[in-house]
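Working notes for the structure below.
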Amino acid sequence: MFKRTVRKDLVYAEYGCGASTIWVARHVGCRILSVDTAKAWVETVKKECAGVDGLSIHHCDLGPVGKWGRPVSYEKAAAFPEYTDWIWNQDVQPDVVLVDGRFRVCCFLTSLLRAREGTRILFDDYTDRPHYQVVEQYLPRSETDGRQALFVVPARDRLDVEGVRQAIERFRFVMD
Numbered sequence: 001m002f003k004r005t006v007r008k009d010l011v012y013a014e015y016g017c018g019a020s021t022i023w024v025a026r027h028v029g030c031r032i033l034s035v036d037t038a039k040a041w042v043e044t045v046k047k048e049c050a051g052v053d054g055l056s057i058h059h060c061d062l063g064p065v066g067k068w069g070r071p072v073s074y075e076k077a078a079a080f081p082e083y084t085d086w087i088w089n090q091d092v093q094p095d096v097v098l099v100d101g102r103f104r105v106c107c108f109l110t111s112l113l114r115a116r117e118g119t120r121i122l123f124d125d126y127t128d129r130p131h132y133q134v135v136e137q138y139l140p141r142s143e144t145d146g147r148q149a150l151f152v153v154p155a156r157d158r159l160d161v162e163g164v165r166q167a168i169e170r171f172r173f174v175m176d
């Protein structure tokens, strides 16, 4: 589902950089926006994508991180919104968003609130982690393939905007 969703004429954004970033950079050639919490990992991915135009990977400093870029404490909790919001504060709006990093529910909800109608949100590791499925209170999934679920952002008047805002605040500090 991932490979058929990302196309050259799109702006691709992702929470959590890695193999997906490298694949899109090498095979698609679209504009890429990515945010990650692990500085060394960001540098590794940047090296793998050296020479690729239109690639913006942002290291969000949330303090020391453990496995998979998970912050080891809440010491820099005031900076957590930078992670969920950075993509949406750029000069372009994504057409496709991959949720595959930290703060997944909050990232999904932030994307749902800030994306244009028709934006596709791919949620990785979704089907085997029931605690992520709370997002379906706000938007039903359109498709499932393996561990991934695809959501398509509806017209704003079909969203419970206030409910999504409240949920963002509830999930703001949930790192997984």
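If you use the working numbering, the sequence shown closes out at 176, no skipped numbers anywhere.
From the three backbone atoms N, C-alpha and C, an ideal C-beta is built for every residue, glycine too.
Determine the burial state of residue i: buried for a count of at least 16 other Cβ atoms within 10 Å of its Cβ, exposed for fewer.
i    : result
F173 : exposed
Y132 : buried
P71  : buried
Y15  : buried
A78  : exposed
A25  : buried
D94  : In the sequence as presented, Asp is not what sits at residue 94; that position holds Pro. The residue is buried, with at least 16 neighbouring Cβ atoms inside 10 Å.
V99  : buried
V253 : There is no way to answer for residue 253, as the model of the chain reaches only from 1 to 176.
G118 : exposed
F164 : According to the sequence as given, residue 164 is Val; it is not Phe. Classification for V164: buried.
Of the choices the options, whose alpha-carbon is the least far from that of residue i?
i    : options                  : result
R120 : V97, Q133 and P130       : V97
T144 : T127, V135 and V153      : T127
L112 : P130, W88, G101 and R129 : W88
D9   : G51, E136 and V28        : V28
V135 : G54, R170, R116 and G118 : R170
So, under 8 angstroms CB-CB, residue i and residue j are touching, yes? Tell me the CB distance rounded to an integer number of Å.
i    : j    : result
I32  : K46  : The Cβ separation is near 11 angstroms, so there is no contact.
C60  : W41  : In fact, because the Cβ distance is near 12 angstroms, the residues do not count as touching under 8 angstroms.
C49  : D36  : Between D36 and C49 the Cβ distance is about 13 angstroms, and since that is not below 8 angstroms, they are no contact.
F103 : M175 : 6 angstroms
Go to residue i, then tell me how far its beta strand (DSSP E) extends in each direction, as first and last residue.
i    : result
I87  : Premise fails: I87 is in no beta strand (DSSP E) and is neither H nor E.
H27  : First-last for H27: A19 to H27, but that is the alpha helix (DSSP H), not the beta strand (DSSP E).
Q137 : Neither: Q137 is in no beta strand (DSSP E) and is coded neither H nor E.
S34  : R31 to D36
L55  : L55 to H59
V152 : Q148 to V152
Would you kindly report the start and end of the unbroken alpha helix (DSSP H) that includes residue i?
i    : result
A167 : V161 to F171
V96  : Counting along the chain, V96 falls outside any alpha helix (DSSP H), though it belongs to the beta strand (DSSP E) covering V96 to V99.
F108 : R104 to R114
S4   : The residue you asked about is not Ser; residue 4 is Arg in the sequence shown. Residues F2 to T5.
Margin query: If contact is defined by three or more beta carbon pairs under 8 angstroms, each pair taking one atom from either stretch, is the region 65-84 in contact with the region 145-163?
Written below: Of all C-beta pairs linking the region 145-163 to the region 65-84, fewer than three are shorter than 8 angstroms, placing the two stretches out of contact.
Next item on the list: Count the CB pairs spanning the region 155-164 and the region 63-72 that are closer than 8 angstroms, and state whether there are at least three.
Entry: Flag = no, the region 155-164 and the region 63-72 do not touch.
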